[in-house]
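Here the structure is laid out as C-alpha cells; the discussion comes afterwards.
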Amino acid sequence: MNPSPTAGNTTPQLGFEFSSLGSTPVGVNKCGSTSISDLDLPSTTGSEVGDALSRMIVDDRVLHMGITNWRDLLDRAITLGHTELYPSEDGRQGLRTPGFRFGPIHRLPEQGPEYVLQTVNRQRMQAALASGVPLKSGRVAVDDVMKVDLVITGDGMQLGLFNGRKSVGTLPLAFDAIPLPGHCGAGGQDFVGSSLMTMLSNAFPETDAPLMHRATVAAYAQILKGLGGGGAK
C-alpha cells in the first residue's frame with residue numbers, strides 16, 4: 001500500500017529565471033573591435049537622439065557599467081573626459097580623450113556622435129557662461145540693411161534678425177535643437193552656419209539666403225571664438 005501524501009511533504013519545483021531583456025538586441029562595448037546590435041529605430045535628430053539612445057541596450061565591458069543603455073554610457077564617458085570623436089571601422093566613429101589614439105568606445109551607434117556633440121557643446125557653453133564669458137556674435141551684416149545676431153543664454157541660443165537698428169524678430173533654440181554635424185570631420189562650422197541660415201530663412205522668408213548663409217557662418221565663428229576656438233571635436 002502506497003503511503004498517503006501528507007501536508008508536510010512537498011514536491012521539489014524547478015525554478016527558471018528569464019532575463020527581463022527578452023529578445024531585445026543588446027550591443028557590446030568592449031576593448032578592441034566592438035559588436036553592436038542597433039535597434040531598428042527611425043532616424044532621429046535633435047532632442048530625440050537622447051531618447052533613442054536611452055532605449056538602446058548595451059553591455060559595457062570597458063567602463064564596467066554592465067548592462068545599461070547607450071545614453072547613460074555616453075554620459076559616463078563624457079564625464080570621464082572622453083569628448084573627442086574619431087573615425088573608426090565600417091564608417092562609424094569612436095569616442096576618446098583628446099590627444100589619445102583610442103578610447104573606451106571603439107564604435108558608436110548611429111545616433112551617438114550627434115548626442116556627444118550636443119552634450120559636450122552644451123556643457124562648454126554653460127561652463128563659459130557660468131565663468132562670465134559672454135557668448136555673443138554681435139550684429140553681423142547680411143546686406144546693407146539686414147543684420148543677424150547670435151547670443152548663447154542659459155537656455156540655449158537666440159537667433160536675432162535686425163533691419164537696421166530695428167529688430168525683425170528672434171528665433172529661440174534650446175541647446176538640443178542647435179544643429180550640429182553628426183561626424184568628426186572638417187566643415188562643422190559651415191554646417192552649423194548653413195543650418196542656422198535655413199532656420200532663419202524659413203522664419204523670415206524675405207531674407208536673401210546666400211547672404212544670410214555668409215552672415216550666420218561668421219556669427220557662429222564668433223561664438224566658437226568665445227569658447228576658445230571650437231566646440232566638441
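In UniProt numbering, the protein residues as written are 1 to 233. Backbone N, C-alpha and C fix where the C-beta goes; we use that ideal spot for every residue, glycine too. Quick caveat, the model's predicted, so the values are computed rather than measured.
| Item | Value |
| --- | --- |
| Straight-line gap, residue 227 to residue 125 (C-alpha atoms, nearest Å) | 7 Å |
| Span of the alpha helix (DSSP H) around residue 167 | That residue, residue 167, is in no alpha helix (DSSP H); its beta strand (DSSP E) goes 166-174. |
| Bridge partners - residue 90, DSSP secondary structure assignment | Residue 90 is not bridged to any residue. |
| Closest residue to residue 144 among 152, 156, 164 and 154 (Cα-Cα distance) | 164 |
| Reduced DSSP secondary structure (H/G/I, E/B, other) of residue 30 | coil |
| Selection from 128, 67 and 168 that minimises the alpha carbon distance to residue 205 | 168 |
| Euclidean distance between Cα positions of residue 155 and residue 148 | 19 Å |
| Proximity winner among 127, 51 and 106, relative to residue 90 (alpha-carbon distances) | 106 |
| Separation of residue 116 from residue 67, as counted between CA atoms | 20 Å |
| Which of helix, strand or coil DSSP assigns to residue 56 | coil |
| Residue burial classification, residue 80 (beta-carbon count within 10 angstroms, cutoff 16) | exposed |
| Residue 71, buried or exposed, once every other Cβ within 10 Å from all chains shown has been counted against 16 | buried |
| Where the alpha helix (DSSP H) through residue 217 begins and ends | 209-226 |
| Burial state of residue 64, where buried means 16 or more other Cβ atoms lie within 10 Å | exposed |
| Rounded straight-line distance, which links the Cα of residue 51 to that of residue 189 | 26 Å |
| DSSP bridge partner residues for residue 149 (one or two, in chain order) | 160 |
| Selected residue, minimal CA-CA separation from residue 243, among 133, 203 and 113 | It is not possible to answer for residue 243, since the shown part of the chain is limited to 1 through 233. |
| Closest residue to residue 98 among 92, 196, 78 and 172 (Cα-Cα distance) | 78 |
| N- and C-terminal bounds of the beta strand (DSSP E) containing residue 66 | 66-69 |
| Beta-carbon separation (whole angstroms), residue 82 vs residue 104, contact threshold 8 Å | 6 Å |
| Classification of residue 216 by the beta-carbon crowding that lies within 10 angstroms, buried from 16 upward | buried |
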